[in-house]
Structure formats: C-alpha cells, structure tokens
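Engineer:
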Amino acid sequence: AILPGAGWQRCRVHFARNVTQRLGSAHSKPVNALISTIFAQTTAEAVIAQYKQVAESLRASFPDIADMLESAEVDLTAFVSMPRQHWQKIWSNNPIERLNREIKRRADVVQIFPNRESVTRLIGAVLQEQHEEWQYGERRYLSEISMRKLVTVLHGQTEVDPVGVVMPLTA
Numbered sequence: 019a020i021l022p023g024a025g026w027q028r029c030r031v032h033f034a035r036n037v038t039q040r041l042g043s044a045h046s047k048p049v050n051a052l053i054s055t056i057f058a059q060t061t062a063e064a065v066i067a068q069y070k071q072v073a074e075s076l077r078a079s080f081p082d083i084a085d086m087l088e089s090a091e092v093d094l095t096a097f098v099s100m101p102r103q104h105w106q107k108i109w110s111n112n113p114i115e116r117l118n119r120e121i122k123r124r125a126d127v128v129q130i131f132p133n134r135e136s137v138t139r140l141i142g143a144v145l146q147e148q149h150e151e152w153q154y155g156e157r158r159y160l161s162e163i164s165m166r167k168l169v170t171v172l173h174g175q176t177e178v179d180p181v182g183v184v185m186p187l188t189a
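Adding 18 to a residue's 1-based position in the sequence shown gives its number in our numbering.
(1) Can you tell me whether Tyr225 is buried or exposed? The criterion is at least 16 other CB atoms within 10 Å of its CB, across all chains shown.
(2) Starting from Tyr154, trace the alpha helix (DSSP H) in both directions and tell me its first and last residue.
(3) For the putative contact between Leu140 and Ala125, defined by C-beta atoms under 8 Å, what is the C-beta separation to the nearest angstrom?
(4) Grouping DSSP H, G and I as helix and E and B as strand, with all else coil, what is Phe97?
(5) Run through DSSP, which three-state label would Thr55 get?
(6) Within this structure, are the beta carbons of Val127 and Ile83 separated by less than 8 Å?
(7) Please report the Cβ distance between Leu160 and Lys107, rounded to the nearest whole angstrom; I am assuming they are in contact, meaning their Cβ atoms lie under 8 Å.
(8) Indicate the three-state DSSP secondary structure (helix, strand or coil) for Thr61 in the structure shown.
(9) Mind reading off the beta-carbon distance from Arg153 to Leu117? Whole number of angstroms is fine, and I expect it under 8 Å.
(10) Could you check the C-alpha separation between Val92 and Val137 for me, to the nearest Å?
(11) Can you tell me the Cβ-Cβ gap for Ala73 and Glu88, rounded? I've got them flagged as a contact below 8 Å.
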C-alpha cells in the first residue's frame with residue numbers, strides 16, 4: 019500500500035443523500051444541517067465529540083438515522099487522523115467522480131474495443147495522466163509540504179524536514 023495506515027473515508031455528501039432517501043426531503047434538511055456541524059469542527063477531538071453528540075441528539079426523534087451514524091462513524095471520521103489541511107480534500111470523493119467521468123468520456127470516443135487489453139491500456143493511460151497532473155501539475159491536489167506532513171503522520175515520525183529530500187513512500 020502506498021499510504022499504510024490510511025483508512026477508508028466515506029463521502030459525507032453521499033451519506034447526506036442516504037439520510038435524505040431515508041427521511042424524505044422535508045425532514046432531512048434540519049437533520050443534515052445538524053450532521054454537517056460535525057465537519058465544521060477544527061480538531062479531531064471536537065469532531066468525535068460532536069459526532070457522538072449529534073448521534074445522541076437524533077436518537078429520540080430519528081433512531082434509524084442515529085443507527086446509521088453509529089455504524090458509519092469509523093468511515094465518516096477517517097479524515098481526522100490526517101493533517102488538518104487535508105480534511106477538506108479527503109472527506110469528499112469529487113476527484114474520483116471526476117476521474118470516472120473522464121474515463122467514461124474517453125471510452126465513449128472509442129466506442130468498441132477490440133479486446134480487454136485495449137480497455138486496460140486506455141484506462142491505465144487516463145489514470146497515469148491524472149496521476150501526473152495531481153503530482154506535478156500547476157494545480158496540485160495536495161501540496162508537497164502537506165504531503166510530507168501526511169507521510170510523517172502515517173509513518174509515525176515526529177519531525178518533517180521542510181526543505182530538502184522528499185520522503186519516500188514505501189509499500
């Protein structure tokens with residue numbers, strides 16, 4: 019694994035959609051507004067405390083939603099183990115959705131593939147192109163400095179060299 023110790027982060031927007039499907043739009047707005055307060059916290063401890071408080075406050079009126087929150091806690095709060103400046107990028111899966119649309123767009127241009135390997139090559143090329151854009155492009159998804167902090171967190175090191183050799187990612 020490239021990022022050992024990294025957890026699975028569930029998209030908070032998709033969770034809100036699940037809440038809306040369960041409750042209907044009339045009841046879901048205030049419930050989703052309450053749930054969104056979880057993500058407005060600025061520390062990991064505050065996020066977890068607010069999460070538990072929100073789940074408990076929904077228990078009486080919306081026990082199904084409280085159960086959903088309890089069962090999704092690990093997945094919805096995985097972002098708190100990462101550096102704070104990564105949180106906003108981690109708790110949504112917009113980049114993955116965009117990448118999937120790009121793969122579909124490129125495949126639609128070809129329409130018919132002669133074999134499975136040609137599909138694999140096309141998807142691999144799109145993924146490689148996107149990786150290079152995220153890694154070296156002008157608009158990097160995560161800055162080099164914040165990635166160093168992430169590697170430091172994941173590898174349990176206490177200090178990051180702000181200038182110098184980029185720390186290698188290991189499997």
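The beta carbon of each residue, even a glycine, is placed where N, CA and C say it ideally should be. Since the model is a prediction, treat every value here as computed from it, not as a measurement.
Structural biologist: On the basis of the coordinates in this document:
(1) Any answer about residue 225 is impossible in this case: the structure gives the chain only from 19 up to 189.
(2) Reading the sequence shown from its first residue, position 136 is the one you call residue 154. Tyr154 -> alpha helix (DSSP H) spans 134-154.
(3) Residue 140 sits at position 122 when you count from the first residue of the sequence shown. Residue 125 sits at position 107 when you count from the first residue of the sequence shown. Contact flag correct, Cβ pair sits at about 7 Å.
(4) For the purposes of this step, residue 97 is identified with residue 79 of the sequence shown, where counting begins at 1. Helix.
(5) Locating residue 55 in the sequence shown gives position 37, where the first residue counts as 1. Thr55: helix per DSSP, three-state reduction.
(6) Start at 1 with the first residue of the sequence shown, and residue 127 comes out as number 109. Start at 1 with the first residue of the sequence shown, and residue 83 comes out as number 65. Contact flag unset, no.
(7) Here the question's residue 160 lines up with position 142 in the sequence shown. Here the question's residue 107 lines up with position 89 in the sequence shown. With a Cβ gap of about 6 Å, Leu160 and Lys107 count as contacting.
(8) Working through the sequence shown from its first residue, we reach residue 61 at position 43. It is coil, neither helix nor strand.
(9) On the sequence shown, position 135 is the one that residue 153 refers to. On the sequence shown, position 99 is the one that residue 117 refers to. Here residue 153 is Gln; the residue named in the question, Arg, does not match the sequence. 14 Å between Cβ atoms; not a contact.
(10) By 1-based counting over the sequence shown, the position of residue 92 is 74. By 1-based counting over the sequence shown, the position of residue 137 is 119. Going by the C-alpha atoms only, they are around 35 Å apart.
(11) By one-based count along the sequence shown, residue 73 stands at place 55. By one-based count along the sequence shown, residue 88 stands at place 70. That belief holds up - the Cβ atoms of Ala73 and Glu88 are roughly 6 Å apart, short of 8 Å.
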